[in-house]
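Enquirer: These protein sequences, in sequence, are chains W and U. According to the numbering used here, the residues represented by the first sequence are 1 to 160, in order. According to the numbering used here, the residues represented by the second sequence are 161 to 330, in order.
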Amino acid sequence: MGIEQKAGNLGIVTTTLEQAIDWSRTNSMWPVLFGLACCAIEMMGAQAANYDLSRFGMELNRASPRQSDLMIVAGRVSQKMAPVLRNLYDQMPDPKWVIAMGDCAACGGVFNNYAVLQGVDEVVPVDVYVAGCPPRPEGLINGIVLLDKKIHGEKLAEWK
Amino acid sequence: MEELLGPAVKALSERFGAAASEFRGETTLLVPAGKIVEICRTLRDEFGFDSLPVETAVDYYPRSEARFHVVYVLSSSQTHVYLNLRAPVNADPAEIDSVESIFPGANWREREIWDLFGIRFTGNSDLRRIMMPPDWEGHPLRKDYPLGYEEVQYSFNYEEIKLRKPRGER
Numbered sequence: 001m002g003i004e005q006k007a008g009n010l011g012i013v014t015t016t017l018e019q020a021i022d023w024s025r026t027n028s029m030w031p032v033l034f035g036l037a038c039c040a041i042e043m044m045g046a047q048a049a050n051y052d053l054s055r056f057g058m059e060l061n062r063a064s065p066r067q068s069d070l071m072i073v074a075g076r077v078s079q080k081m082a083p084v085l086r087n088l089y090d091q092m093p094d095p096k097w098v099i100a101m102g103d104c105a106a107c108g109g110v111f112n113n114y115a116v117l118q119g120v121d122e123v124v125p126v127d128v129y130v131a132g133c134p135p136r137p138e139g140l141i142n143g144i145v146l147l148d149k150k151i152h153g154e155k156l157a158e159w160k
Numbered sequence: 161m162e163e164l165l166g167p168a169v170k171a172l173s174e175r176f177g178a179a180a181s182e183f184r185g186e187t188t189l190l191v192p193a194g195k196i197v198e199i200c201r202t203l204r205d206e207f208g209f210d211s212l213p214v215e216t217a218v219d220y221y222p223r224s225e226a227r228f229h230v231v232y233v234l235s236s237s238q239t240h241v242y243l244n245l246r247a248p249v250n251a252d253p254a255e256i257d258s259v260e261s262i263f264p265g266a267n268w269r270e271r272e273i274w275d276l277f278g279i280r281f282t283g284n285s286d287l288r289r290i291m292m293p294p295d296w297e298g299h300p301l302r303k304d305y306p307l308g309y310e311e312v313q314y315s316f317n318y319e320e321i322k323l324r325k326p327r328g329e330r
């Protein structure tokens with residue numbers, strides 16, 4: 001008697017610092033609030049009631065890059081937009097991740113011409129590529145779950 | 161339509177030598193490029209064409225004589241009729257007078273035509289690029305502008321293209 005009442009049903013949890021930090025990072029990952037093209041509509045769909053991204057702790061899009069951890073590049077990036085995108089990425093505090101959502105962000109898609117960047121990985125390092133034109137909300141959620149798995153595999157020594 | 165547009169078409173043909181043509185109910189006047197400001201002023205002040213909804217250009221590339229047509233669509237808010245004007249412009253120098261003094265909204269449209277077709281509008285108060293980055297070279301909607309096609313990265317040439325493709329670093 002005594003100790004169980006104080007600790008509730010939880011008991012005592014032991015874990016490593018690495019796992020605890022990775023867990024906390026994946027469960028409150030806030031994306032930057034911006035969309036570049038039609039993929040942004042699917043991103044909004046993923047955040048709305050039917051698909052409900054807040055199940056993964058991503059209910060909040062931050063309008064400031066200084067408060068966000070994840071950049072979802074939703075759409076084609078034009079040559080004029082590329083420096084702006086890189087500027088936003090540089091303003092995000094570490095640790096930060098990038099998802100290239102859709103074919104245009106991943107490789108230029110159907111826009112193989114002078115005006116559009118052939119893949120956003122030319123200006124920012126990309127962690128997860130999501131295929132589709134545009135990907136359905138399930139596709140984006142799959143990409144996010146994949147990113148979560150990647151983060152859970154990160155080691156203390158590799159942290160920047 | 162005929163009774164609304166007729167007087168304007170007749171006056172422009174007589175005064176400025178405009179050639180009228182009709183296609184699917186739309187009247188188009190081929191007008192001399194040097195008199196475009198006077199023509200627009202006449203249409204606005206005497207015939208009530210008080211707005212310029214569209215100003216754009218066409219590139220007929222291989223020919224250098226009248227290579228570009230600058231297209232103006234004028235409309236009248238009283239009679240709800242539209243009148244198209246086409247002003248031929250040579251390849252060199254690609255220049256035409258600005259109609260900004262008559263329709264102030266033409267400012268940005270002329271900037272766009274300058275940016276994408278490289279037609280210089282003399283008299284425009286702010287002729288800068290509007291769509292492309294300020295340091296861009298060339299005018300992309302010209303027919304002789306290269307499309308900028310990049311080789312597509314498939315699995316068989318992935319490594320080869322990876323070597324020369326720029327990579328974003330942290």
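For glycine and all other residues, C-beta sits at the position ideal for the given N, C-alpha and C. Values in this document were obtained by computation on a predicted structure and should not be read as measured data.
Please compile the residues from chain W whose C-beta is within a distance smaller than 9 Å of the C-beta of residue 325 of chain U.
Expert: Counting from one through the second sequence, the residue named residue 325 of chain U turns up at place 165. Under the 9 Å cutoff, chain W gives 118, 119, 121, 122.
Enquirer: Closer than 9 Å by beta-carbon distance: list the chain U residues that pair up with residue 80 of chain W, in chain order.
Expert: Along the first sequence, read from residue 1 onward, the residue named residue 80 of chain W stands at position 80. Neighbours of residue 80 of chain W on chain U, chain order: 291, 292, 293, 296.
Enquirer: In whole angstroms, what separates the C-alpha of residue 329 of chain U from that of residue 55 of chain W?
Expert: Residue numbering aside, residue 329 of chain U sits at position 169 when the second sequence is read from its first letter. Residue numbering aside, residue 55 of chain W sits at position 55 when the first sequence is read from its first letter. About 31 Å.
Enquirer: Can you grab the Cα-Cα spacing for the pair residue 252 of chain U / residue 295 of chain U, in whole Å?
Expert: Reading the second sequence from its first residue, position 92 is the one you call residue 252 of chain U. Reading the second sequence from its first residue, position 135 is the one you call residue 295 of chain U. Near 22 Å, if we compare the C-alpha coordinates of residue 295 of chain U and residue 252 of chain U.
Enquirer: Residues in the same chain with beta-carbon distance under 7 Å from residue 254 of chain U, minus the five sequence neighbours each way, listed in chain order, please.
Expert: For the purposes of this step, residue 254 of chain U is taken as residue 94 along the second sequence, with counting starting at 1. 228, 278, 279, 280, listed in sequence order.
Enquirer: Please confirm if residue 238 of chain U has its CB atom under 8 Å from at least one CB of chain W.
Expert: Reading the second sequence from its first residue, position 78 is the one you call residue 238 of chain U. No, its Cβ sits nowhere closer than 8 Å to a Cβ of chain W.
Enquirer: Using a Cβ-Cβ cut-off of 8 Å, state whether residue 115 of chain W counts as contacting chain U.
Expert: One-based indexing of the first sequence puts residue 115 of chain W at position 115. Yes, residue 115 of chain W counts as interfacial toward chain U.
Enquirer: Helix, strand or coil for residue 221 of chain U per DSSP?
Expert: Looking up residue 221 of chain U in the second sequence gives position 61. Coil.
Enquirer: Tell me which residues share the same chain as residue 232 of chain U and place their Cβ nearer than 6 Å to its Cβ, disregarding the 5 neighbours each side in the sequence.
Expert: Taking the second sequence and counting its residues from 1, the one referred to as residue 232 of chain U is at position 72. The residues are 215, 245.
Enquirer: Taking residue 107 of chain W as the query, report the chain U residues whose CB atoms sit under 9 Å from its CB, ordered along the chain.
Expert: Numbered from its first residue, the first sequence carries residue 107 of chain W at position 107. The contacting residues are 312, 313.
Enquirer: Can you tell me which of W/110, W/85, W/111 puts its alpha carbon nearest to the alpha carbon of residue 99 of chain W?
Expert: Working through the first sequence from its first residue, we reach residue 99 of chain W at position 99. Cα-wise, what sits closest to residue 99 of chain W is W/85.
Enquirer: Under three-state DSSP, which class holds residue 21 of chain W?
Expert: Indexing the first sequence from 1 puts residue 21 of chain W at position 21. Helix, per DSSP.
Enquirer: Look at residue 193 of chain U and residue 273 of chain U and say whether their C-beta atoms are less than 8 Å apart.
Expert: Indexing the second sequence from 1 puts residue 193 of chain U at position 33. Indexing the second sequence from 1 puts residue 273 of chain U at position 113. For residue 193 of chain U and residue 273 of chain U, no; Cβs fall outside 8 Å.
Enquirer: Less than 8 Å between CB atoms is the rule here; does residue 329 of chain U satisfy it with respect to chain W?
Expert: Walking along the second sequence from the start, residue 329 of chain U turns up at place 169. Closer than 8 Å: yes.
Enquirer: Which residues bound the alpha helix (DSSP H) around residue 30 of chain W?
Expert: Here residue 30 of chain W refers to the residue found at position 30 when the first sequence is read from its first residue. Segment: none, residue 30 of chain W is in no alpha helix (DSSP H) and carries neither H nor E.
Enquirer: Any idea if residue 323 of chain U is buried or exposed, counting beta-carbon neighbours within 10 angstroms, 16 or more meaning buried?
Expert: For this step, residue 323 of chain U is matched to residue 163 along the second sequence. Classification for residue 323 of chain U: exposed.
Enquirer: Quick one: what does DSSP say residue 257 of chain U is sitting in, helix, strand or coil?
Expert: By one-based count along the second sequence, residue 257 of chain U stands at place 97. In the structure shown, residue 257 of chain U adopts extended strand secondary structure according to DSSP, grouped into three states.
Enquirer: Check whether the Cβ atoms of residue 43 of chain W and residue 21 of chain W sit closer than 8 Å, and answer yes or no.
Expert: Start at 1 with the first residue of the first sequence, and residue 43 of chain W comes out as number 43. Start at 1 with the first residue of the first sequence, and residue 21 of chain W comes out as number 21. Result no, Cβ atoms of residue 43 of chain W and residue 21 of chain W do not sit closer than 8 Å.
Enquirer: Taking residue 308 of chain U as the query, report the chain A residues whose CB atoms sit under 7 Å from its CB, ordered along the chain.
Expert: Included in the structure are the protein chains W and U, with no chain A among them.
Enquirer: Excluding five sequence neighbours on each side, which residues of the same chain lie with their C-beta closer than 7 Å to the C-beta of residue 75 of chain W?
Expert: One-based indexing of the first sequence puts residue 75 of chain W at position 75. Around residue 75 of chain W: 35, 36, 37, 38, 39, 40, 102, 104, 105.
Enquirer: List, in chain order, every chain U residue whose beta-carbon is nearer than 7 Å to that of residue 125 of chain W.
Expert: If you number the first sequence from 1, residue 125 of chain W lands on position 125. Within chain U, the residues near residue 125 of chain W are 328, 329, 330.
Enquirer: What is the DSSP secondary structure of residue 287 of chain U, reduced to helix, strand or coil?
Expert: Walking along the second sequence from the start, residue 287 of chain U turns up at place 127. Here residue 287 of chain U sits in coil by DSSP.
Enquirer: Examine the Cβ distances between the segment 119-127 of chain W and the segment 77-97 of chain W and report whether three or more of them are shorter than 8 Å.
Expert: yes
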